[in-house]
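Read through the structure below, which is laid out as structure tokens, and then see the notes.
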Amino acid sequence: MAKSKVVYVCRNCGYDSPKWNGRCPSCGEWNTFTEEVVSAGGRSHASHAPSEKAAEPVAVVDLAAGGETRMDLHDDELNRVLGGGLVPGSLVLLGGEPGIGKSTLILQTVLRLGSLRTLYVSGEESAGQIKMRADRIGRDAGNCYVYCDTSLENIFSAIKKVGPQLVVVDSIQTVMTDSIDSSPGSISQIRECAGLILKYAKESNIPFIIIGHINKDGNIAGPKVLEHVVDAVLQFEGDRHYVYRIVRSIKNRFGSTSELGIYEMRQDGLRPVDNPSELLLSKDNEGMSGVSVGATIEGVRPFLVETQALVSTAAYGTPQRSATGFDIKRMNMLLAVLEKRVGFKLSQKDVFLNIAGGLKISDPAIDLSIICSILSSNMDVDIDRDVCFAGEVGLSGEIRPVSRIEQRIAEAARLGFRQIIVPYHNMKGLEHVHEGITVSPVRKVEEAFRLVFGK
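10 is the number of the first residue of the sequence shown in the working numbering; add one for each residue after it.
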């Protein structure tokens, strides 16, 4: 019987050491070493051994050029995030908080694929629990097979027996291989299992979707090597107190990393939201100060979001700054611009900012909407509900041009807005203006302030 020993493994790069280190000598990250108990000589190098049929080097000019045939998942939101569908032989990682709906999303997706034979491997739930969820979702089971096991060798045997066209592993932290003598969920187990699954997916041309947990820092549990190995990393976000869930692409070798899909959590599963703008805008904000609408773009999708601001006198001497769904450092920069360029004294006031709907927006084009909502709350004057904004604010107070302004204007016109305030320099390349909406160009923050509030 092999003796067990204690090693310390870096969560970020997988470097192991016989003693704990504050800083990893391989990747330079701090406080990433975790203790693991492994068997001496138990580490297998079978996955690193040369294959019997080694591939021959081929010149780039001799490679066959052709587009990848994608698999339609019958879900417009998920197809968009993946770049048009699932690529055969790819490995996709879906991460998210516990209870956010990862298993529900994947299960309802595979149940919808009646024409494809799928294998759902569960290491956390029993077959009876999966059956209860499938009945609640109310989808046609079709050619979906369920296999409950945590041994990777047994999973590969079940795949060969069933012959699926799509495999789901829920979750990667529960799977273990006999080649590593450590507990499931350890860094060495996750790293080895992910490597073996990737090798099997590439050799068999079967796409795999693996579900992963996240830690308290919001990162996917396990080594950072896991995210480097897979072809696509999808983050499932959302507050369990809200009904909206967001699938965001963090890494995608076959598509854009700026796409997102929006779902609505219902009793019978997750419903894709085709028009998020109508759901993210409240209909009863008339006469309320501190509320404005900004036109943003995520990936190829334009939609309008509601920015809410509250400005009040600092009650405890030190003013508070808080932002939900927006970068707090950028909000402080916008406040400095308002105080320096426009003349509003906000240094002794509390400022709270919120992006409605639980979204996290990084598009600088909503800067103009944010400063208008802050000024509206500061003066306690409401903004016309038929006006929306699109523009980036510079440090000198100028309104900088934004990308794809025509799509933003078209989305605002489609939702019934009568006026949109845009940067002046965006008017040069504007070819088509939709009827029913007025495009008002502005050069500086002062011009936008006079145009909106008439002062």
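We treat Cβ as the ideally placed atom computed from N, Cα and C, and that holds for glycine. This one's a predicted model, so the numbers in the text were calculated from it and none came from an experiment.
Cβ neighbour criterion (16 or more within 10 Å) applied to residue i
| i | result |
| --- | --- |
| D336 | exposed |
| K211 | exposed |
| Q117 | buried |
| Y7 | Limits of the chain in this structure are 10 at one end and 464 at the other, which puts residue 7 out of reach. |
| A55 | Residue confidence is low: A55 scores 42 on pLDDT, short of 50, so the model does not pin down where it sits. Its coordinate-derived value is still stated next. Under this definition A55 is an exposed residue. |
| T113 | buried |
| E287 | exposed |
| C19 | buried |
| G463 | exposed |
| D84 | buried |
| N224 | exposed |
| G268 | Before going on, a small fix: residue 268 reads as Glu here, not Gly. The residue in question, E268, is buried, as its Cβ has 16 or more Cβ neighbours within 10 Å. |
| V320 | buried |
| K28 | exposed |
| V256 | buried |
| P107 | exposed |
| G34 | Checking the displayed sequence, the identity of residue 34 turns out to be Pro instead of Gly. Exposed, because fewer than 16 other Cβ atoms sit within 10 Å of the Cβ of P34. |
| N163 | exposed |
| R32 | exposed |
| N435 | buried |
| T78 | exposed |
| A68 | exposed |
| L439 | exposed |
| T327 | exposed |
| E444 | exposed |
| K338 | exposed |
| D81 | exposed |
| D376 | buried |
| S99 | buried |
| R459 | exposed |
Assumed close pair residue i, residue j - CB separation to whole angstroms, cut-off 8 Å
| i | j | result |
| --- | --- | --- |
| A323 | L313 | Wrong, their Cβ atoms sit about 32 Å apart, outside the cutoff. |
| P216 | P97 | 6 Å |
| L103 | K111 | 6 Å |
| G270 | E86 | 3 Å |
| I392 | L347 | Not really, about 16 Å apart at Cβ, beyond 8 Å. |
| I109 | V178 | Not a contact, Cβ separation roughly 18 Å. |
| Q428 | I446 | 7 Å |
| G6 | S382 | Residue 6 lies beyond the stretch modelled for the chain, which goes from 10 to 464, so this question has no answer here. |
| V46 | V15 | 6 Å |
| M340 | R330 | 7 Å |
Residue i - partner residues in DSSP beta bridges
| i | result |
| --- | --- |
| Y433 | DSSP, once it has assigned bridges, lists no residue as partnering Y433. |
| I115 | In DSSP, I115 forms no bridge with anything. |
| G278 | R275 |
| C153 | T127 |
| V178 | V130 and I219 |
| W39 | R32 |
| L313 | A304 |
| E444 | Paired residue(s): none; E444 is not in a bridge. |
| C397 | I429 |
| K358 | T322 |
| R254 | Y272 |
| A241 | V101 and N261 |
| C19 | F42 |
CB contact flag (residue i, residue j, <8 Å)
| i | j | result |
| --- | --- | --- |
| G132 | V184 | yes |
| S386 | A318 | yes |
| E44 | Y17 | yes |
| I168 | L128 | yes |
| V1 | V130 | The question about residue 1 has no answer here: the residues shown for the chain are numbered 10 through 464. |
| R126 | G172 | yes |
| L302 | S378 | According to the sequence displayed, residue 302 carries Val and not Leu. Closer than 8 Å, so yes. |
| A421 | C397 | yes |
| A136 | V155 | yes |
| A399 | V431 | yes |
| L235 | I199 | yes |
| K233 | N40 | no |
| F353 | L384 | yes |
| I218 | I115 | yes |
| E295 | R423 | no |
| Q244 | G105 | yes |
| Y272 | P285 | no |
| Y9 | G367 | Since the first and last residues shown for the chain are 10 and 464, residue 9 lies out of range. |
| S371 | G92 | no |
| I465 | G278 | The structure shown does not extend to residue 465, since the chain is modelled only from 10 to 464, so the question has no answer here. |
| R350 | V454 | yes |
| I418 | V442 | yes |
| G334 | K358 | no |
**Prompt:** Three or more beta-carbon pairs under 8 Å between the stretch 401-412 and the stretch 357-364, yes or no?
**Reply:** No, they do not touch.
**Asked** Counting pairs of Cβ atoms below 8 Å between the stretch 187-198 and the stretch 134-154, do you hit three or more?
**Response** Segments in contact, no.
**Item:** Sufficient close CB pairs (3 or more, under 8 Å) joining the stretch 230-242 to the stretch 255-264
**Value:** Cβ pair count under 8 Å is three or more, so yes.
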